[in-house]
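All residue numbers for the sequence shown refer to full-length UniProt numbering, where the first residue is 1 and numbers rise by one.
Scroll down for the structure; my scribbles are underneath it.
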Amino acid sequence: MNTKRVVALIIAAVLLFFSIGINTIITIFKTDFLTSFDSMLGTQNLTYENVIESGEISNRIAHLTVSGVIQDVGEPSVWETVEYNHQAFMEQLDAVLMDDTVKAVLLSVDSPGGGVIESAEIHEKLVQIKEEKQIPIYVSMGSMAASGGYYISAPADKIFAQRETITGSIGVIMQSLNYSKLAEKVGIEFETIKSGAHKDMFGGSRPSTAEEKAMLQEMIDESYEEFVDIIEQGRGMSEVDVKKVADGRILGGTQALKAGLVDEIGNENTALSALRTEQGLEDAELFEYATESDSWASLLGVKIGSMFSPSVETQAISKIISSTSSPRMMYLYGEQ
Numbered sequence: 001m002n003t004k005r006v007v008a009l010i011i012a013a014v015l016l017f018f019s020i021g022i023n024t025i026i027t028i029f030k031t032d033f034l035t036s037f038d039s040m041l042g043t044q045n046l047t048y049e050n051v052i053e054s055g056e057i058s059n060r061i062a063h064l065t066v067s068g069v070i071q072d073v074g075e076p077s078v079w080e081t082v083e084y085n086h087q088a089f090m091e092q093l094d095a096v097l098m099d100d101t102v103k104a105v106l107l108s109v110d111s112p113g114g115g116v117i118e119s120a121e122i123h124e125k126l127v128q129i130k131e132e133k134q135i136p137i138y139v140s141m142g143s144m145a146a147s148g149g150y151y152i153s154a155p156a157d158k159i160f161a162q163r164e165t166i167t168g169s170i171g172v173i174m175q176s177l178n179y180s181k182l183a184e185k186v187g188i189e190f191e192t193i194k195s196g197a198h199k200d201m202f203g204g205s206r207p208s209t210a211e212e213k214a215m216l217q218e219m220i221d222e223s224y225e226e227f228v229d230i231i232e233q234g235r236g237m238s239e240v241d242v243k244k245v246a247d248g249r250i251l252g253g254t255q256a257l258k259a260g261l262v263d264e265i266g267n268e269n270t271a272l273s274a275l276r277t278e279q280g281l282e283d284a285e286l287f288e289y290a291t292e293s294d295s296w297a298s299l300l301g302v303k304i305g306s307m308f309s310p311s312v313e314t315q316a317i318s319k320i321i322s323s324t325s326s327p328r329m330m331y332l333y334g335e336q
């Protein structure tokens, strides 16, 4: 057997093995294999801690981070990760609440906001931590802490923003696509059987009536007033002062400082230094919670997801469909 034939046979064998291997891997990872693997190791739903700066273990500062759109999109799968994991973050807040060694919280926020419900859940838990544990919460704003990102920051004892931080955008928004004219143009007809005149309101298949817009505006106004109340309580501001800047406008760090929405200009290190000095925690340990992204399932899932994830075009179409089919009220700045 000559060399060329041997090389050809080896290449054929490798290709066959690769083909069988890929199909097997796809089948395995479409099941709950990795989840089961995590369960066997006892790593599911555990709270991990990473020490950032060593110090007194009986006096600790918990460093929490909210990055990305504040929206509960469920747990990450083996095929994808999520920028912000709402349930994981709520578990971190519960861990702080139950840990007597935690004497302060440094919350880093880099978010355009998100869902009304999710933002309210975080806010309520932070208020609970302050009231029950009687510990300070300092907020450090990153490149953006707008709308819901500001909503969750409001109860902090002190808020630090950088000059370049985009914040504000106080208000509520609800959007949907009205594609009825496009459907008419391409010859699509909607056949709808409904129990009431408004059952398909704001669904995109027809224009909203004036009555329906008034209904939705009432809902928006109620949530807006709640947002304003949260800032009044958290910042000790009057309703008049809050509403001067609560028209949806965005503010830079310096503007927010002048408006009373933040306390100082500075970055995360500035906020941490102030927290240590002002609260007598110079020797406190600084730690952060690790999420399930450290588990075997998620680590392997990132690799597998990157290999077999849908195309950019498919992801974009999927995002448009999922984001417009169920309109909801959002504390959100910008298009996501």
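We treat Cβ as the ideally placed atom computed from N, Cα and C, and that holds for glycine.
Query                                                                                                                                                                                                     : Result
Are the beta-carbon atoms of leucine 64 and valine 116 separated by less than 8 angstroms?                                                                                                                : no
Roughly how many whole angstroms lie between the Cα atoms of glutamate 218 and leucine 332?                                                                                                               : 18 angstroms
Whether or not the region 196–215 and the region 278–289 are in contact is what I'm after, with contact meaning three or more pairs of Cβ atoms, one per stretch, closer than 8 angstroms; do they touch? : no
Need the endpoints of the beta strand (DSSP E) that phenylalanine 287 sits in, please.                                                                                                                    : 284–290
Please state whether the Cβ-Cβ distance between glycine 260 and phenylalanine 160 is less than 8 angstroms.                                                                                               : no
Can arginine 328 and methionine 215 be called in contact, C-beta distance under 8 angstroms?                                                                                                              : no
Return the residue from the list Thr209, Gln162, Tyr151 and Glu191 that minimises the CA-CA distance to aspartate 229.                                                                                    : Tyr151
Would isoleucine 52 and alanine 154 be called neighbours here (beta carbons separated by less than 8 angstroms)?                                                                                          : no
Start and end of the beta strand (DSSP E) containing valine 242?                                                                                                                                          : No beta strand (DSSP E) contains valine 242, which is instead part of the alpha helix (DSSP H) from 239–243.
Looking at the structure shown, is asparagine 267 part of a helix, part of a strand, or coil, going by DSSP?                                                                                              : coil
Would glycine 171 be called buried (16 or more neighbouring beta carbons within 10 Å of its own) or exposed?                                                                                              : buried
Can you list, in chain order, the residues of its chain whose CB lies under 8 angstroms from that of glutamate 288, leaving out five sequence neighbours each side?                                       : Glu49, Asn50, Ile52, Ala62, His63, Leu64 and Thr65
If you reduce the DSSP assignment to three classes, tell me which class methionine 330 lands in.                                                                                                          : strand
Rounding to the nearest angstrom, what Cα-Cα distance links phenylalanine 89 and isoleucine 70 in this structure?                                                                                         : 10 angstroms
Looking only at its chain, what residues have a beta carbon closer than 6 angstroms to the beta carbon of proline 136, apart from the 5 residues adjacent to it on each side?                             : Ala104, Asp157 and Gln279
Quick one: which unbroken beta strand (DSSP E) runs of 3-plus residues sit fully inside the UniProt domain "Peptidase S49" (131–281)? Chain order, please.                                                : 137–146, 158–161 and 166–168
Assuming serine 119 contacts glycine 74 (C-beta within less than 8 angstroms), just tell me the rounded distance between them.                                                                            : Wrong, their Cβ atoms sit about 17 angstroms apart, outside the cutoff.
To which residues of the same chain is valine 312 closer than 8 angstroms at the C-beta, ignoring the five residues directly before and after it?                                                         : Reliability fails at valine 312, whose pLDDT of 48 lies under 50, so the model's placement of it is uncertain and no value is given.
What does a CB cutoff of less than 6 angstroms around phenylalanine 202 pick up in its chain, not counting 5 residues either side in sequence?                                                            : Ser176, Ser208 and Pro327
By alpha-carbon positions, which one of Met237, Gly204, Val240 and Ser143 ends up nearest to arginine 163?                                                                                                : Ser143
Which of the three DSSP states, helix, strand or coil, is assigned to valine 82?                                                                                                                          : coil
Does the distance between the C-beta of glycine 248 and the nearest non-hydrogen atom of the ligand ATP fall short of 7 angstroms?                                                                        : In the structure shown, the ligand ATP is absent, as is every other ligand, since no ligand is present at all.
Taking only beta-carbon atoms, is glutamate 184 less than 8 angstroms away from chain D?                                                                                                                  : You won't find chain D in this structure, because it holds only one protein chain.
Taking only three categories from DSSP, how would you classify valine 73?                                                                                                                                 : coil
Only counting the same chain, and skipping five residues up and downstream in sequence, which positions put a Cβ closer than 8 angstroms to that of arginine 206?                                         : Asn178, Ser180, Phe190 and Asp200
From this set, Thr270, Lys130, Ala290 and Ile250, which residue's C-alpha is nearest glycine 113's C-alpha?                                                                                               : Ile250
So what's serine 54 in DSSP terms, helix, strand or just coil?                                                                                                                                            : coil
Please name the residue, chosen from Leu107, His123, Gln128 and Gly168, that lies closest to glycine 334 on a Cα-to-Cα basis.                                                                             : Gly168
Starting from aspartate 100, trace the beta strand (DSSP E) in both directions and tell me its first and last residue.                                                                                    : Premise fails: aspartate 100 is in no beta strand (DSSP E) and is neither H nor E.
Is leucine 107 near valine 139, with beta carbons less than 8 angstroms apart?                                                                                                                            : yes
Whole-angstrom Cβ separation of glycine 253 and threonine 165, contact assumed at under 8 angstroms?                                                                                                      : 4 angstroms
Who are the Cβ neighbours of alanine 210 in its own chain at under 7 angstroms, not counting the five residues just before and after it?                                                                  : none
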